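Below you'll find the structure, written out as structure tokens, and then a few comments.
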Amino acid sequence: MRERWSSKTIFIFAAIGSAVGLGNIWRFPYMTYKYGGGAFIIPFLIAMVLLGIPLLILEFAIGQKFQKGPVGAFKKIDSRLRGIGAGAVISGFIICVYYAVVMAWTLIYFVKSFSLKLPWAANAENYFFSNVLNLSDSISSIGGINWVVLISLLGIWIAIYFCVRNGVQSIGKALKLFIPLPLILLVVLFFRGITLPGALTGIFYYIKPDFTVLFSSELWIAAASQVFFTLSLGFGVMTAYASYNDPKQDITKSSIITGIADGAISLFAGFVVFSIIGYMAQATSSTVAEVATSGPGLAFVVFPQALSLMPFAAVFSVLFFLTLFSLGIDSAFSLVEAVVTVIEDKTKKIKKETIALVVCAVMFCLGTIFATDAGLYFLDIFDHFITNFGLILVGIFECIAVGWIYGAENIRSFVNSVSDWKIGKWWNVSINYLIPIILGTLLIVQFVNELSGNYGGYPSWSIYLGWTVVLVPFVTGLVMVFNNKN
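This is the structure in structure tokens:
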């Protein structure tokens, strides 16, 4: 008998927890600011309806219908297609290896926040790159192991293990803490942020609409890209999670709630981020444009610097990094659970605790390369190639497998048979044509950009390493197609 979520609500919590992560804090707000402020919401919502939710329905549906993780689910469609599921899980595996390192940085900052004077107050940029990362001059200078980061990384993996060791039961218990906690903390940070001088200026820059950008193809590509990545599509996670559903769980409702929740949290997080960015701009006599950034630079340089300027700086620093940790941990253990599910589907005799322990141990060991002095460079390379190429390829192949081989109408009929909210034939069109075209366009645009020169000015050998990261799941999938006994 397959495990089951303790309730339908817990499954939705799990899906939201996987979708909502660090990117909702450090990517979406900056994308909104960069691409026309409030105008960005229009293509984002359109992409959510036409790309995100339909693909989420697909991933939920095959997991729930076949009661298998991503490899087993695609094998049920056609044994040759199990490679698509394998490619998704391997991509998620790679992402989780370096994502946990970012979580380790968060843990370091959280612990250091319990100080009378925040250690990064004098120079947040120097503190992050020199004190925390001990960053080398280039990716070629790997240097030694950063023991503080490595020990923190071990702590993260221990936490992840205890969240996944008993499968959906232990995950369900963890979610009861890690879903409401970041929301409560974001609300606290929001009310603190909007009371700061300069906050309204920051928020104005965040939401001020520039409708002229709606005619820019770059804007629409950015919106589609954001939706695809923010919903954790192409990782194998949503299929794995849905495989533990009751076969009659309402798929359409679950997908729409997950999409709306993720978008709403992203939008709300932007108000938190830009209220504090506006404050920092005023406090340092800078412009919002000079302060605004995305990625690790926002979370570990700009925000810490801004927090250090506030009254009760340590208190709000603790709250902020606890927010980051609680947002990130859900996404991290969902990626691990996808891997564990695939292995458990294949090897029924091994206890789940043992599988989880081995998977976490292997991921920790592989993560040591990101805990070196050149770790940030390797993380940047891996993240760039796997997210811009690997995951998009998975999404395209998923649509081909379900839309053209199994038949989108077959999945739509199943979804409607278990859902109160019915989906029309527009979904078939989206899976068969629209989503592959959108993702194919994204892939071509990214590839053309790569031809303009080595990404980030990195040496050629590291670019080859990046392409290897993309090829590993892709080639694995191809091998499984051609090495098919049936």
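Sequential numbering of the sequence shown, starting at 2, is according to this note's numbering. From the three backbone atoms N, C-alpha and C, an ideal C-beta is built for every residue, glycine too. Quick caveat, the model's predicted, so the values are computed rather than measured.
Tell me which same chain residues have a C-beta within less than 8 Å of the C-beta of Trp422, skipping the five on either side of it?
For the purposes of this step, residue 422 is taken as residue 421 along the sequence shown, with counting starting at 1. Contacts found: Asp251, Thr253, Lys254, Ile257.
Tell me, please, which residues DSSP counts as bridged to Ile278.
Here residue 278 refers to the residue found at position 277 when the sequence shown is read from its first residue. DSSP lists no beta-bridge partner residue for Ile278.
Taking the straight line between their C-alpha atoms, what separation do you get for Lys69 and Leu155?
Translated into positions along the sequence shown, residue 69 becomes position 68. Translated into positions along the sequence shown, residue 155 becomes position 154. Taking the CA atoms as reference points, Lys69 sits about 30 Å from Leu155.
By DSSP, does Thr373 sit in helix, in strand, or in coil?
Position 372 of the sequence shown, counted from the start, is the residue given in the question as residue 373. For Thr373, the three-state secondary structure derived from DSSP is strand.
In this structure, does DSSP put Ile195 in helix, strand or coil?
What you label residue 195 is simply residue 194 of the sequence shown in a count that begins at 1. Residue state for Ile195 is assigned as helix, using DSSP reduced to three classes.
Looking at Ile344 and Ile356, is the spacing between their C-beta atoms short of 8 Å?
Your numbering for residue 356 matches position 355 in the sequence shown. Your numbering for residue 344 matches position 343 in the sequence shown. In contact: Ile356 and Ile344 (Cβ atoms closer than 8 Å).
Who are the Cβ neighbours of Glu219 in its own chain at under 7 Å, not counting the five residues just before and after it?
Start at 1 with the first residue of the sequence shown, and residue 219 comes out as number 218. So the list is empty, once near-sequence residues are dropped.
Mark Ala48 as exposed unless 16 or more other C-beta atoms lie within 10 angstroms of its C-beta, in which case mark it buried.
Your numbering for residue 48 matches position 47 in the sequence shown. Of the residues assessed, Ala48 falls on the buried side of the cut-off, its CB having 16 or more other CB atoms within 10 angstroms.
Which word fits Lys66, buried or exposed, when buried means at least 16 other C-beta atoms lie within 10 angstroms of its C-beta?
As a working mapping, residue 66 is identified with position 65 in the sequence shown. Residue environment analysis places Lys66 among the buried positions, since at least 16 neighbouring C-beta atoms fall within 10 angstroms of its C-beta.
How would you label Pro181, buried or exposed, when you count the other beta carbons within 10 angstroms and need 16 or more for buried?
In the sequence shown, counting from the first residue as 1, residue 181 sits at position 180. Answer is exposed; the Cβ neighbour count stays below 16.
Label Thr324 either buried or exposed according to how many other C-beta atoms from any shown protein chain fall within 10 Å of its C-beta, with 16 as the threshold for buried.
For the purposes of this step, residue 324 is identified with residue 323 of the sequence shown, where counting begins at 1. Buried.
Can you find the residues in the same chain that come closer than 6 Å, C-beta to C-beta, to Ser309, ignoring five residues on each side of it along the sequence?
The residue you call residue 309 lines up with position 308 of the sequence shown. Around Ser309: Leu119, Ala122.
On a Cα-Cα basis, can you pick out the residue from Ser137, Phe61, Ile54 that is closest to Thr240?
Along the sequence shown, read from residue 1 onward, the residue named residue 240 stands at position 239. Checking every option, the nearest Cα to that of Thr240 belongs to Phe61.
If we ignore side chains and look at the alpha-carbon of each, how far apart do Pro248 and Ile412 end up?
Translated into the one-based positions of the sequence shown, residue 248 becomes position 247. Translated into the one-based positions of the sequence shown, residue 412 becomes position 411. The alpha-carbon atoms of Pro248 and Ile412 are separated by roughly 13 Å.
Could you tell me the distance, in whole angstroms, from the CA atom of Ala87 to the CA atom of Phe14?
Within the sequence shown, the letter at position 86 stands for residue 87. Within the sequence shown, the letter at position 13 stands for residue 14. About 25 Å.
Would you kindly work out how many angstroms separate the C-alpha atoms of Asn417 and Leu59, rounded to a whole number?
The residue labelled residue 417 in the question sits at position 416 within the sequence shown. The residue labelled residue 59 in the question sits at position 58 within the sequence shown. In a straight line, the C-alpha of Asn417 is about 12 Å away from that of Leu59.
Let's see if you can read the secondary structure: which residues bound the alpha helix (DSSP H) around Gly74?
Within the sequence shown, numbered from 1, the residue matching residue 74 stands at position 73. Gly is not the amino acid found at residue 74; the sequence shown has Ala there. Where Ala74 is concerned, the enclosing alpha helix (DSSP H) stretches over 71-78.
Going by DSSP, which residues form a beta bridge with Ile252?
As a first step, residue 252 must be located in the sequence shown, where it is residue number 251. Paired residue(s): none; Ile252 is not in a bridge.
Outcome for Asp346 when other beta-carbon atoms lying within 10 angstroms are tallied against a minimum of 16:
Indexing the sequence shown from 1 puts residue 346 at position 345. With 16 or more other Cβ atoms from the protein chains shown falling within 10 Å of its own Cβ, Asp346 counts as buried.
Which partner residues does Ile146 have in the DSSP bridge list?
Within the sequence shown, numbered from 1, the residue matching residue 146 stands at position 145. Partner(s): Thr373.
Is Trp6 closer than 8 Å to Val169 when the C-beta atoms are compared?
Here residue 169 is taken as the residue at index 168 of the sequence shown, counted from 1. Here residue 6 is taken as the residue at index 5 of the sequence shown, counted from 1. Their beta carbons are under 8 Å apart, which means Val169 touches Trp6 by this criterion.
Indicate whether the contact test is met: 3 or more Cβ pairs, each with one atom in the stretch 267-284 and one in the stretch 202-209, closer than 8 Å.
When Cβ pairs closer than 8 Å are counted between the two stretches, the stretch 267-284 is seen to touch the stretch 202-209, the count reaching three or more.
Could you give the residue range of the alpha helix (DSSP H) that holds Asn135?
Here residue 135 corresponds to residue number 134 of the sequence shown, with the count starting at 1. For Asn135, there is no enclosing alpha helix (DSSP H), as DSSP marks it with neither H nor E.
Classification of Arg166 by the beta-carbon crowding that lies within 10 angstroms, buried from 16 upward:
As a first step, residue 166 must be located in the sequence shown, where it is residue number 165. Using a 10 angstroms sphere on the CB of Arg166, the tally of other CB atoms reaches 16 or more, which defines it as buried.
Within the same chain, show all residues whose beta-carbon is closer than 8 Å to that of Ala375, passing over the 5 residues directly before and after it, in chain order.
As a working mapping, residue 375 is identified with position 374 in the sequence shown. These residues qualify, in order along the chain: Leu136, Ser137, Ser139, Ile140, Ser141, Ser142, Ile143, Gly144.
From Pro198 to Phe192, what does the alpha carbon distance come to, in whole angstroms?
Taking the first residue of the sequence shown as 1, we reach residue 198 at position 197. Taking the first residue of the sequence shown as 1, we reach residue 192 at position 191. One C-alpha to the other measures close to 13 Å.
Would you mind stating whether Pro305 and Ser295 have Cβ atoms separated by less than 8 Å?
Residue 305 sits at position 304 when you count from the first residue of the sequence shown. Residue 295 sits at position 294 when you count from the first residue of the sequence shown. Inclusion of Pro305 and Ser295 in the CB contact set at 8 Å is not warranted, their separation being larger than that value.
Which of helix, strand or coil does DSSP assign to Ile351?
Looking up residue 351 in the sequence shown gives position 350. If DSSP states are grouped into helix, strand and coil, Ile351 belongs with coil.
Helix, strand or coil for Gly235 per DSSP?
Sequence index remark: in the sequence shown, residue 235 carries index 234 (1-based). Coil.
Own chain, CB closer than 6 Å to Thr33, minus 5 neighbours either side, in chain order
Stepping through the sequence shown from its first residue, residue 33 is reached at position 32. Here the set comprises Phe41, Gly271.
In chain order, what residues of the same chain have a beta carbon less than 6 Å from the beta carbon of Val98, not counting five sequence neighbours either side?
Within the sequence shown, residue 98 is the residue found at index 97, counting from 1. Same-chain partners within the cutoff: Met364, Leu367, Gly368.
Beta-carbon spacing of Lys209, Gly64 below 8 Å:
Here residue 209 is taken as the residue at index 208 of the sequence shown, counted from 1. Here residue 64 is taken as the residue at index 63 of the sequence shown, counted from 1. With respect to the 8 Å criterion, Lys209 and Gly64 are not classified as neighbours on the basis of their beta carbons.
CB contact flag (Phe229, Leu52, <8 Å)
Position 228 of the sequence shown, counted from the first residue, corresponds to residue 229. Position 51 of the sequence shown, counted from the first residue, corresponds to residue 52. Yes. Within cutoff.
Taking the straight line between their C-alpha atoms, what separation do you get for Asn484 and Phe216?
On the sequence shown, position 483 is the one that residue 484 refers to. On the sequence shown, position 215 is the one that residue 216 refers to. Just so you know, the alpha carbons of Asn484 and Phe216 end up roughly 47 Å apart.
Taking the alpha carbon of Ala224 as the point to measure from, which residue in Ser267, Phe448, Ile152, Tyr456 has its own alpha carbon closest?
Along the sequence shown, read from residue 1 onward, the residue named residue 224 stands at position 223. It is Ser267.
C-alpha gap between Leu380 and Ile432, whole angstroms:
Residue numbering aside, residue 380 sits at position 379 when the sequence shown is read from its first letter. Residue numbering aside, residue 432 sits at position 431 when the sequence shown is read from its first letter. Spanning the two alpha carbons is a distance of roughly 32 Å.
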